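There are 2 protein chains.
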Amino acid sequence: MMVGCIRQQGTDEQYEKFGKRAENFEITGAYAQTELGHGTFLRGLETRADFDRKTDEFVLNTPTITSYKWWPGGLGHAANYCVVVANLYIDNDPKGVAMFMVQLRDEKTHMPLPGIDVGDIGKKMGFAGVNNGYLGLKNVRIPRTNMLMRHAQVLPDGTYVKSPASVLAYFTMVFVRCLIVRNNSTMLSMASTIATRYSAVRRQSPINPKEPEPQIIDHVTQQMKLFPEIATSIAYRLSSTKLWQLYDQTAEDIKCGEFGRLPEMHALACSLKALCSRDSANGVERLRLACGGHGYLASAQLANLYSAATAACTYEGENTVLLLQVGRFLMKSCRMLMAGKPLVPTISYLQDAIKVNGLEKWTGSWQNILQALQIATAHKIRITFENLTARLKAGQTEAEAANNTGIEYTQAAELHGTCFVAATFLEEVTGPNAKNRSPALNKVLENLLELFLVNTAMKYMHEILRVANISDMELRALQTRLEDVLKALRPDAVAICDGFDFHDRNLKSTLGSYDGNVYERIFEEAKKSPLNKKPVPDVIYTHLQPFMKAKM
Amino acid sequence: MMVGCIRQQGTDEQYEKFGKRAENFEITGAYAQTELGHGTFLRGLETRADFDRKTDEFVLNTPTITSYKWWPGGLGHAANYCVVVANLYIDNDPKGVAMFMVQLRDEKTHMPLPGIDVGDIGKKMGFAGVNNGYLGLKNVRIPRTNMLMRHAQVLPDGTYVKSPASVLAYFTMVFVRCLIVRNNSTMLSMASTIATRYSAVRRQSPINPKEPEPQIIDHVTQQMKLFPEIATSIAYRLSSTKLWQLYDQTAEDIKCGEFGRLPEMHALACSLKALCSRDSANGVERLRLACGGHGYLASAQLANLYSAATAACTYEGENTVLLLQVGRFLMKSCRMLMAGKPLVPTISYLQDAIKVNGLEKWTGSWQNILQALQIATAHKIRITFENLTARLKAGQTEAEAANNTGIEYTQAAELHGTCFVAATFLEEVTGPNAKNRSPALNKVLENLLELFLVNTAMKYMHEILRVANISDMELRALQTRLEDVLKALRPDAVAICDGFDFHDRNLKSTLGSYDGNVYERIFEEAKKSPLNKKPVPDVIYTHLQPFMKAKM
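In the order they appear, the protein sequences are chains A and B. By my numbering, the letter at position 237 of the first sequence is numbered 280, and the numbering carries on one by one without gaps. By my numbering, the letter at position 453 of the second sequence is numbered 496, and the numbering carries on one by one without gaps.
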C-alpha cells in the first residue's frame, strides 16, 4: 500500500528514492491515515505538518490522544518507514491534507527514533497475524522533500502550489473498493463450498421416521440456507467483473484528461462495495450457522472467513457513509432528469421507470422481475427526492435535510445497487455470453439466476408491492418456484462448489475438504491442540485441585 | 448441569452419592450428550451401554469416530466424572436413551482411567475459557446402579422398567430455553449500552459543512442502528418475564400430574429461543458495526458478546429445528381449529384471525399493527396448511410433505413468535402495569413500543400487504412515524441504557464505560498488549530482518 501510494502521489524522484527501496525490501513500510478519533472524514484529521522555512523542514505532531494514528497494518512493529497523512500548515494557515514520508525506526537496530511513539493496538476480532499499530509524533522533523509532491507542492520559500487534479486521489479509493467486491465475493464462494460439502457428509434427523438419517443437504430448509449463498456469490462475482471493465474504461478516460465518467464509477463502486461486503459477511455467517455446532469450531475456518468478510463493512469507507454518498448521487440524477439532461448508463433505467405509474403487469419472468425492481427503485428514489425537497422548502439546510432523509437515501442506494447486480446476472446468462457456454452449463447458471431473482424479488417484495399488483396466488406461485429451483439445484450443488476450484490448502477447513473426511480432520485438529500436550495440564494441579480443597 | 441432571434423573440415593459430592466440590463433572457425528436427533446417538447380567454392570463403548462425545463444557480437562447419555441395550435389544454416571479420571492424580480417551476439542469462535471436550469409551465398566434411575430402571435380572413420564426430560429443555431468552436479551441490552454510549462520545462527519463534527448519535442513520436494538432488547426481556410466568404455572401443573399445558409451553419456548437468539446475535453485530472500526477491537467487547450470543443459535436445539417443531405445533393447532376444538391461549388469536378475509382497515394504531401481524400470521399458517395438505393428497408421507413445506413452516413459526413478543410489549405498556409507573417513564416506554411496532410492521410488510390494503401515502406516513420516534428517543437514549444498570466491570468495554473516556481506555488497553512488552519484539530480529536480507 505504501509503495502504491508513493508511486501515485510521489514524484518520480521520490519513487526512486523511497518506493524502490521498499520494493527491494531494504525498508518496510505502512500507510497511516486513520486516527484514534478520526476515520472517514479526512479533513478532520488532527495530525499536523507545519512548514519551517528556516530549516526547509516539516515538523510533524499528533497534539492530542485522538490524533494518534490508529489501525494501520504493519505499523505496530514491522514498519521502519511510513506514509503519514496530515493536515499541512504554512505559517499556521491550513492548506489541506497531504502525505509525508516519515522514518519511524532505525534501519539497523529497529528502535523507534526520537519523538516517535509506536506500538501494537492489541487484540482484534480477526487479523491475528497483522500488527495493526498506533503512532504518536512529537516534533518529528523531516526534509521538505519528504512530502509526496506529484500533485500539490510546497516550494522552499513556503509557496503552496495546489494540485491540478485532486480527483486522482479519489480514484485510488474506487480501485480499492472494486477490489473488495472481488475479494468478498470470493470469501462467500469459499464459505459456500465449505458448508455445502459438509452438508453432503453430515447426516441428521430422519425425514421419514423409519429411514436412516439423511444427508442434511436433503432437508429443504438446509437447501434454503446454502443455495442462495452460492447464487449470491456468483452474482457478485459477475458484477465485480463488470465493475472492473468500467474501471478500466474510466482509467483510460482519465489518461486522456476526461473525468466525466468518474461520478458514475464512484457511485457504482460505493454501492457495490457496501452491498457485497454486507451480503457476503451475512452470507458467510448464515453458512456457518448452517453447519450447526461444528461451524463454531475454529478449524471449520468459517469464523475466520466471517472476521475477514465483515471487516470490509467498515474499512475503506464505512458502508452507511458510502450508501449516503450513493444517495446523494441519486438525488443529483433526479435533478438532472427533471432538468431534461441525459443520465449516465448505470442509472438510465430511471428515465423510463420513474415515468410509469407502477409495473404494467406482473408476469414473473426474469425480465419482468428486473423491471419490477427497477420501478420499485425509481419509486423509492422519487419519494426520497420528494421528502428531501419538502424539508428544504420547510427551511432546512441541504445538509440537514439530507441527514433527516438519510434512512431513505440508504434504502434507495441499496435498491439501486441491487438492480445493477440483478441486471448483470441476467445479461450474463441470457445475453451473448451464453452462446460461448455449453447448454448444460448454461442450464445450471439459469437455475442459479432463477434462484437469485426469485429470492431477491421476495426480499424486496415490500417495495415491489408498492408499484405492482401481485395477487396472493401469484405470490404463492413465486414460493413454489423457489422450492422447485432448490430441488433442481440439489444434484448439482456440490459440483458447482467444486467448480469454484478452491484448493484444500486455501480453504483450510476441517468441514469443507474435497475428500469429505470431515470427522477425521476435526479429530486430527483437536489432537493437535496445545491443550492436549499433556494428559493433565498443569493448571489442574496448580489451580483446580487447590480450589476444590479450599471449597470443601 | 451435571448436578441438576442427577437431581432430576437420578434417584434420591444417587443424588446423595454423586450429586452432593459434586456440590461439595469433592468431584468435578460434565454432561456429555452431543457426539462428533450426532446432535439434535437423540435416538441417533451411537454411544452404547450394554448390560452385563453376570457382573451386574454396564459396558460403555463409543464404537466409531462419529460416536465420540464432542463439545461438553468442562469435559476436556476439568471433569473427573461425567454423565454420559447413551443408547441402552439389554441382550443386544435397544431400550432407548439413558444416562450413566461414569468416572473419567483418578480423583487424586487426575489421570484418565483405562478405556477413557479424553481431551480438549481445540479452538472455537468464542468461549476461550471453557475446556470443551471429547470423550471416547472402550469397554468401560460401571456398576448397574450408576444408571440414573429416577424414571426408567434396569433390574439386576435385566428387566427393563419403562419411565412413566418421559415428558419430564423434555421439560428440562424448556427450562434451558427460557433461560436463553433471558440471557440473550441481556446481551443485546449490553451491546446497546456500549454502542449508544460510544455514539454519544464519538464525533464524525459534519452534518452542516461549516459546523464541527457532531456526536455520531445525531446522524439519523446511526439512530436507526441503535434505537431499534434498545427496543428489541426490552421487548425480549418482557417476553422472557412472561415466559417464566408460564413456565412456573406449567411446573405447578406438572406437580399435580397435569401435562396439558406442556405442548403450548414447549412451542412458545422453542419459538422465543430461536427468535431471541437470532435477533440478539444479529442486533449485537449491527451494534458492533455501528461502532465503525473500533467495534472490531477485542477491547470493545462487542465481538465477544457476539460470539456468546450467536452460540445460542445452535446450542440447546438448533434454531431451524426448533422452528420446524413450532411449525408442526401450528399445523396441529390448525387441525384442532378445523375440528372445532378450542385452542390454547397463546395461539387463540388464530381463531378470529383465520376467519376474516384480511384486515378490515389499516389505521396504524398499535392495536391495529398487532392485529395486522396476527392476521398475516394466520394467513401464512393457512397457506402452509393448504400446501401441506396438497402434498399429502399427492401421496407424500406426512414427513416428506412436512420437509417439502419446511420453509413455510419456519416462516409461520417466526411470525407466530413475533406476534407473542409484540402482544406482550403492547400489554405491558398499555395494560394495567402502566398504572404502576410514572407517566414520564411510561412515555419513554411508549416511544420504545412505537419504534418496535413500526419497525416490526415494516420488517413484515411483505406479509402484511398480503392481507391488508395500505396505500402508498399510508406507507409513507409509517416512514415518517419511524423518523419521528427516532428523534423523540434521541435525548433519552443514553439514559435508557444507563437504566439497564450494567456495571463497567460487567461490560468490560473500552467503548462503553459509564464515564465515556473512550480514547483513554482504548489506549490503555493497547499499551497492555503483550506485543508491546519490548520496543522491538524478538521476531523482528529472528525473522523479519533475515527475511529482508535474503530478499535483497
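C-beta: ideal position from N, C-alpha, C; glycine also. Please read all numbers here as calculations on a predicted model, not as lab measurements.
Candidates the options: closest to residue i by CA position
i, options, result
"A351/B", "Y562/B, I223/B, N490/B", "I223/B"
"L469/A", "I412/A, P155/A, F566/A, I565/A", "I412/A"
"W405/B", "A354/B, L508/B, E493/B", "L508/B"
"S228/A", "P249/A, L496/A, Y349/A, F170/A", "Y349/A"
"S248/B", "T239/B, I260/B, R240/B", "I260/B"
"N476/A", "V140/A, G165/A, K285/A", "K285/A"
"L393/B", "R371/B, K436/B, Q417/B, R91/B", "Q417/B"
"M230/B", "T275/B, H194/B, M381/B, P199/B", "T275/B"
"M45/A", "K502/A, I164/A, L191/A, S110/A", "L191/A"
"V183/A", "K436/A, I49/A, L147/A, Y241/A", "L147/A"
"K181/B", "G158/B, Q196/B, A396/B", "G158/B"
"Y562/B", "T83/B, P115/B, R245/B", "R245/B"
"A75/B", "S110/B, K167/B, L529/B", "S110/B"
"S314/A", "R304/A, V364/A, A569/A", "V364/A"
"H153/B", "K594/A, M595/A, K577/A", "K577/A"
"R187/A", "L131/A, D535/A, A234/A, T440/A", "L131/A"
"T427/A", "F372/A, E568/A, Q51/A", "F372/A"
"G360/A", "K316/A, G370/A, D558/A, I70/A", "K316/A"
"S556/A", "A569/A, D515/A, D541/A", "D541/A"
Cβ pair residue i, residue j closer than 7 Å
i, j, result
"L554/B", "C334/B", "yes"
"R331/A", "L340/A", "no"
"E89/B", "N123/B", "no"
"A238/B", "L198/B", "no"
"L488/B", "V472/B", "yes"
"F218/B", "N189/B", "no"
"D163/B", "N575/A", "yes"
"T83/A", "W114/A", "no"
"R425/A", "I390/A", "no"
"H505/A", "M504/B", "yes"
"T420/B", "C462/B", "yes"
Distance, residue j Cα to residue i Cα
i, j, result
"V204/A", "R64/A", "28 Å"
"A173/A", "L178/B", "The sequence given here places Val at residue 173/A; Ala does not occur at that position. So the alpha carbons of these two residues sit roughly 36 Å apart."
"D99/A", "D134/A", "13 Å"
"H422/B", "L431/B", "14 Å"
"A442/B", "A520/B", "45 Å"
"L492/A", "V387/B", "44 Å"
"A500/A", "Q414/A", "11 Å"
"N175/A", "G80/B", "39 Å"
"L367/A", "V537/B", "25 Å"
"G139/A", "P155/A", "28 Å"
"A121/B", "K112/B", "15 Å"
"K486/A", "L532/A", "10 Å"
"E66/A", "V127/A", "19 Å"
"A310/B", "G383/B", "21 Å"
"F68/A", "K592/B", "8 Å"
"S408/B", "G165/A", "50 Å"
"G336/A", "T353/B", "11 Å"
"G303/B", "N490/A", "47 Å"
Closer than 8 Å at the beta carbon, the chain B residues around residue i
i, result
"D95/A", "Within chain B, no residue comes near D95/A; the closest Cβ sits about 28 Å away, beyond 8 Å."
"D163/A", "A569, S572, L574, N575"
"L367/A", "T264"
"V364/A", "S248"
"W114/A", "G336"
"I583/A", "H120, A121, H153"
Residue i: contacting residues in chain B (beta-carbon distance under 7 Å)
i, result
"R519/A", "I426"
"L332/A", "C356, T357"
Heavy atom of the ligand MG within 6 Å of residue i beta-carbon
i, result
"Y503/B", "Looking for the ligand MG in the displayed structure turns up nothing, as the structure carries no ligands at all."
(message) At 3 residues or longer, what runs of the beta strand (DSSP E) sit wholly inside the stretch 446 to 493 of chain B?
(response) none
(message) List, from N- to C-terminal side, the alpha helix (DSSP H) runs of 4 residues or more that fit wholly inside the stretch 321 to 361 of chain A.
(response) 345 to 357
(request) Can you check the stretch 179 to 215 of chain A for any beta strand (DSSP E) of at least 3 residues that lies completely inside it and give the ranges in chain order? (result) 183 to 186
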